[in-house]
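I have placed the structure first, in the form of structure tokens, so that the comments after it can refer back to it.
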Amino acid sequence: MKKHTAHIFFAAASSLLLTAPATHAAQTLTEGLQSGSTIKLNFRTRYEDVSWDGYEDSNALTLRSRLSYQSGAWNGFAMTAEMDNVTDVSHDVDYATWPADPINSGSVKHALISDPEGTDLNQALVSYTTFNNQVKAGRQRIVLDNARFIGNVGWRQNEQTYDGVSFTNKAIRYTNIFVAHITNVNRIFGNETPIQGDYQQNSNFVNVSYTGFEAGKLTAYAYLIDNIHDASLIAIDANKSKAAAISSDTYGVRWASTANPAFMYTLEYATQSDAHDNPLEYNASYMFAEASTTLGRFVPALGYEVLGSDKGTKGFATPFATLHAFNGWADRFLTTPTTGIKDAYASLTTTVMGVQIITSYHDYKADEKSTAAATLGKVFDYGTEWNVSVSKKFGAVAYTAKYAAFKNGDWAQKVGAATLVSDTTKFWLQADWNF
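If you count by the working numbering, then the sequence shown holds residues 2 to 436, one letter each, in order.
Structure (structure tokens):
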């Protein structure tokens with residue numbers, strides 16, 4: 002059914018493109034590639050220090066170099082290309098860069114810093130743009146809404162991008178329609194990571210938003226993930242060619258207020274169920290509410306997010322999200338626990354003499370009782386977390402210092418100290434240069 006839906010969307014897109022007027026920014030292909038083209042260079046230097054109970058402390062000084070090219074237009078056609086290189090400045094990667102990194106195969110376990118060395122083709126696509134339509138084919142950056150479900154993981158040095166075809170249409174007043182068919186997800190762990198570097202896909206994304214309401218923006222979406230191959234999960238079902246434990250169908254609706262800039266709020270609800278060859282049968286829900294106001298130079302905000310669980314056996318999953326932006330910067334909940342998670346948080350943002358300061362506090366609890374034999378019936382108190390960020394831009398360079406401190410509740414004591422939610426502190430110093 003989902004494949005037929007995707008075919009209908011792209012057939013409609015083709016008819017719209019054929020009838021819409023094309024732009025003529027250049028007379029020849031060569032002229033289009035030269036006239037109006039831009040080349041950008043970005044360097045991002047970052048020092049990261051991680052202290053994680055149960056693991057050896059890790060630190061890394063990495064440099065990401067990015068070269069981007071955007072051509073001019075020729076009869077509506079344009080090209081985009083982007084290369085990234087990530088290098089450990091010391092040339093001695095003594096930290097784990099992905100969960101199953103061989104560096105942790107011995108008795109000494111190193112804390113995770115997910116910035117592996119390597120050179121990657123970050124984007125490579127051809128686009129066709131008319132007055133109300135745009136089609137992109139190739140490797141591309143996709144960020145939908147607040148990136149809670151579909152994002153680019155822009156915080157990590159190696160960005161997440163998508164191979165496929167996407168279509169955006171704005172022919173209906175106040176309405177933005179986005180549809181994509183994805184064949185591969187290029188994850189942050191890089192091409193040289195044998196297991197988790199890429200996720201082959203037969204997935205479809207649909208996101209439709211409407212801004213015609215005076216009070217705000219309404220968005221409806223369907224993210225239908227068919228994860229064709231994930232070598233790290235083949236052991237779940239050795240007799241099948243697919244190991245699709247992240248395959249799922251997610252449907253949701255999001256409301257974001259726009260009427261009063263001094264008081265903003267967002268409400269969101271989604272449901273998720275297993276799909277395709279997923280060996281786990283489950284249904285879980287997602288709920289999100291956030292409100293903020295402006296008090297002089299201060300912007301306080303309160304939020305509550307629930308990634309639900311199906312009776313403690315499987316939690317609501319967002320495998321392609323920009324996860325660092327949610328549930329705290331210590332990244333202790335990149336994978337939703339089987340018992341789900343409730344995150345109640347408060348933040349305060351201010352700017353003083355051009356310096357932006359952000360502080361936040363999170364309180365994490367389970368959504369459902371544990372079904373594990375050792376902790377049967379337990380509703381976990383996952384813990385609490387403080388986050389602080391200070392940033393300032395000087396000319397073409399943006400400087401950032403960030404700190405995250407996660408304090409475990411009673412989960413580590415129940416299931417063992419060296420868990421993904423052990424006490425953790427992280428510190429970053431970063432300089433982002435744009436030319």
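Note that beta-carbon positions come from the ideal geometry of N, C-alpha and C, so glycine has one too.
Give the DSSP bridge partners of G297, in chain order.
Bridge partners of G297: none, in fact.
Pick from Y48, P103 and T39: whose alpha carbon is nearest that of M80?
T39
Determine the contact status of V166 and A138, defining contact as a CB-CB distance below 7 Å.
yes
Check for me: the beta strand (DSSP E) holding A347 runs from which residue to which?
I342 to V353
Helix, strand or coil: how does DSSP classify A419 here?
Low local confidence applies: a pLDDT of 43 at A419 is under 50, so the model's placement there is unreliable, with the coordinate-based value given in what follows. A419 falls in the coil class under three-state DSSP.
Let me confirm a value: H92 is counted as buried when at least 16 other C-beta atoms fall within 10 Å, else exposed. Which label applies?
exposed
Would you mind sorting D58 into buried or exposed? The rule is 16 or more other CB atoms within 10 Å of its CB.
By the neighbour-count rule (16 or more Cβ atoms within 10 Å), D58 is not buried but exposed.
Which one of V94, P320, K41 and T31 has the shortest CA to CA distance from A397?
K41
Exposed or buried, K312, counting other C-beta atoms within 10 Å across all chains shown (16 or more means buried)?
exposed
Does the stretch 370 to 386 come close enough to the stretch 337 to 347 that 3 or more CB-CB pairs lie under 8 Å?
yes
Rank A402, S390 and S69 by C-alpha distance to the C-alpha of T350 and give the top, closest one.
S390
Apart from the five residues on each side of it in sequence, which residues of its chain come closer than 7 Å, Cβ to Cβ, to A432?
T46, V398 and Y400
Please list the terminal residues of the continuous beta strand (DSSP E) segment that includes L122.
Under the DSSP assignment, L122 falls in the beta strand (DSSP E) whose first and last residues are G119 to T130.
In whole angstroms, give me the CA-to-CA distance for V90 and Y96.
13 Å
Note down, in chain order, each residue of its chain lying with its Cβ closer than 6 Å to the Cβ of F150, except the 5 sequence neighbours on either side.
Y224, T319 and A322
Residue from Y266, L30 and E386 whose Cα sits closest to the Cα of F78
L30
The beta strand (DSSP E) enclosing R188, as first and last residue numbers
Neither: R188 is in no beta strand (DSSP E) and is coded neither H nor E.
Does the structure place the stretch 276 to 292 close enough to the stretch 103 to 122 that three or more beta carbon pairs sit under 8 Å?
no
How should Q273 be labelled, buried or exposed, when 16 other C-beta atoms within 10 angstroms of its C-beta is the threshold for buried?
buried
Within this structure, are the beta carbons of G309 and E386 separated by less than 7 Å?
Taking 7 Å as the Cβ cut-off, G309 and E386 do not qualify as a contacting pair.
Looking at the structure shown, is H92 part of a helix, part of a strand, or coil, going by DSSP?
coil
Report the partner residues of T385 according to the DSSP bridge assignment.
D364 and K408
Nearest-angstrom Cβ-Cβ length linking N228 and Q197, presumed shorter than 8 Å:
So it is not a contact: roughly 12 Å between Cβ atoms.
Rounded to the nearest angstrom, what separates A326 and Y365 at their Cα positions?
15 Å
Span separating the alpha-carbon of I189 from that of I104
18 Å
Thinking C-beta only, is Y266 closer than 7 Å to A302?
no
Spatially closest choice to A216 from F264, S348 and S204, by CA coordinates
F264
Excluding the 5 residues preceding and the 5 following V300 in the sequence, name in chain order all residues of the same chain whose CB lies nearer than 8 Å to its CB.
S293, T294, L349, T350 and T351
Among G384, L219, I114 and D199, the one whose alpha carbon lies nearest that of W156
I114
Using the beta-carbon count (16 or more within 10 Å), is V356 buried or exposed?
exposed
Beta-carbon contacts of K427 that lie in its chain and below 6 Å, excluding the five residues immediately before and after:
V51, A331 and A405
When G119, D424, F436 and W434 are compared against R333, the one with the closest alpha-carbon
D424
In whole angstroms, what separates the C-alpha of T360 from that of T251?
Taking the straight line joining both Cα atoms gives about 31 Å.
Would a C-beta distance cut-off of 7 Å place R255 and T220 closer than the cut-off?
A contact, by the Cβ cut-off of 7 Å.
Cβ shell of L335 (< 6 Å), same chain only, five flanking positions each side left out:
The answer, listed in chain order, is L324.
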